[in-house]
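Same order as they appear, the protein sequences are chains C and L.
Counting from 1171, one number per residue, gives the positions in the first sequence under my numbering.
Counting from 1171, one number per residue, gives the positions in the second sequence under my numbering.
Read through the structure below, which is laid out as structure tokens, and then see the notes.
Protein chains: 2
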Amino acid sequence: MAASQTNQALIRLREMVFTGELSPDSNHYEADLADQLGMSRTPVREAALTMQAQGLVEVQPRRGVRILPISAEDMAEIYDVLCELESLAAARAAEKSYTADDLRIAQVCIDNMDTALSNQDRDAWASADDRFHTELVRLGGNARVAEIVARYTDQVRRARMMTLPLRPLPVQSNEDHRAVLFAIENRDAQSARSLHRAHRQQASTLLTGLIREFGLRRL
Amino acid sequence: MAASQTNQALIRLREMVFTGELSPDSNHYEADLADQLGMSRTPVREAALTMQAQGLVEVQPRRGVRILPISAEDMAEIYDVLCELESLAAARAAEKSYTADDLRIAQVCIDNMDTALSNQDRDAWASADDRFHTELVRLGGNARVAEIVARYTDQVRRARMMTLPLRPLPVQSNEDHRAVLFAIENRDAQSARSLHRAHRQQASTLLTGLIREFGLRRL
DNA sequence: GCATACATTAACGCATACGTTATTAAGGGG
DNA sequence: CCCCTTAATAACGTATGCGTTAATGTATGC
């Protein structure tokens, strides 16, 4: 990817959205963002339009760029999508007769999650979890599925980060991952699909529950 | 949606992509497109960037805007996605206890397909089929699912149109639709899901088969 | 004859400028 | 005191221009 101003703006703005530096439901004028990023309005505007197509922001005349918040309902919608497509990917991966070596990256991610878990390092766990899901979807071999999963993972990234400290230590999660990978290794597509589906439904229930329980309004 | 130049460009360019006026795998300079559309490069460029995020074109420096072609493999990928998400929508719709009146639009679409079929009017059939799938997904109640389905339907729209005359009359298809709608009406989520899944797999096999059989390279 | 270096060209990236238009606030009428 | 009209403001939409840069063709040397 070219290091153009537009791409710089994209990278930086995404970062600002994910970290909450631009808070959910806040509005920002193109000119202000341009000043902050040290460039003119044009590349900022182009980046904003791209991010709008990705569902991260909304561009409205005279109201600037609005950072889209995530509600519990949004979360439920997105996890429904992730649930279907990731479990499809798991099934497809199981059909591909991968060798243990093909699955090494996924294995490493799981190991990293275990390590993070025993260190009670939630950030490291979340990072490894993210990589595991990305790798799983890559193993599924459908680039569109991978793209959609990446996009919607982006949409919930901030909300996940903000609720991370509220979650119980994800012990069950790691066992789920192992089971899914085991099914893929054993070429059991049915199990891989249903195990992963259950895993994601679990996560969905947990997260939407947390948001509702804590009355989190602007994620 | 504002009737801005950018939106005009979006509408017109999408049209040109769908009809094949801009042929698959062809490149077009921003300045040329701007001339054709009677506007400056700026709105054309913005529209092109949005369409790039939607997976319709690719914008590359000094190569202009490239209309992305659809291969049999792309088709298979996209139908895998549509298959999962539409059948999810069908299941969700079945869980919603819709009344016959709620399902009237879908019913009308099916009737229109029947009429078109008996008139051997493939275009009318395709149009009603499109509306049926859109309505089904709307009934599912998940806006993200609806958005993804719309986007990927766009990606295969041109290829579907071009292969339409090659297809046998879709008699089976209409029966499938009735069965899915029947299951939704009867609140049988399992059946709705599996029936629709089978329906889409059928379509996928048919279309990818056609593309391969006729050696269609640039769709 | 082929490869490499260089010059030429033009498409793009981005800054800038300006007219348009929605918003907001102020003022006047009810 | 509230509502409506109107004027001021400023953010945006889009045209334009220019420096940058990649692609292409040419010339030169091996």
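All C-beta atoms in this analysis are idealised placements derived from N, C-alpha and C, irrespective of residue type, glycine included.
For clarity, every value in this text was computed on a predicted model and none was experimentally measured.
- Within a 10 Å sphere around the beta-carbon of L:M1221 sit 16 or more other beta-carbons, which makes this residue buried.
- Within the model, the alpha-carbon separation for L:L1273 versus L:Q1371 is close to 24 Å.
- For C:A1353 against C:S1361, the beta-carbon gap comes to about 4 Å, under 8 Å, which counts as contact.
- The alpha carbon of C:R1314 has as its nearest neighbour, out of C:S1193, C:E1256 and C:A1246, the alpha carbon of C:E1256.
- In the structure shown, L:Q1230 adopts extended strand secondary structure according to DSSP, grouped into three states.
- Per DSSP, C:T1269 lies in no alpha helix (DSSP H) and is assigned neither H nor E.
- Around the CB of L:T1269, fewer than 16 other CB atoms lie within 10 Å, so the residue is classed as exposed.
- DSSP places L:Q1222 inside the alpha helix (DSSP H), whose first and last residues are R1211 to A1223.
- Only those residues of the stretch 1222-1246 of chain L whose C-beta falls short of 9 Å from the nearest C-beta of chain C are listed: Q1222, A1223, Q1224, G1225, P1231, D1244 and A1246.
- Secondary structure note for L:I1354: its alpha helix (DSSP H) is the uninterrupted segment V1341 to E1355.
- In the displayed model, C:N1197 falls within a strand according to three-state DSSP.
- When the beta-carbon positions are compared, C:M1186 and C:L1192 come within less than 8 Å of each other.
- If you draw a straight line from the Cα of C:L1334 to the Cα of C:L1377, it is about 9 Å long.
- Taking C:M1209 as reference, the option from C:P1239, C:Q1175, C:S1241 and C:D1324 with the minimal CA-CA separation is C:Q1175.
- DSSP, read as helix, strand or coil, puts L:R1387 in coil.
- Of the residues C:L1207, C:V1235 and C:N1197, the one whose Cα lies closest to the Cα of C:N1177 is C:L1207.
- L:E1247 and C:N1312 have their C-alpha atoms roughly 6 Å apart.
- Legend: CB atoms of the stretch 1252-1265 of chain L lying less than 9 Å from CB atoms of chain C belong to residues C1253, E1254, L1255, S1257, L1258 and R1262.
- In this structure, DSSP gives C:R1337 a state outside helix and strand, which the three-state scheme calls coil.
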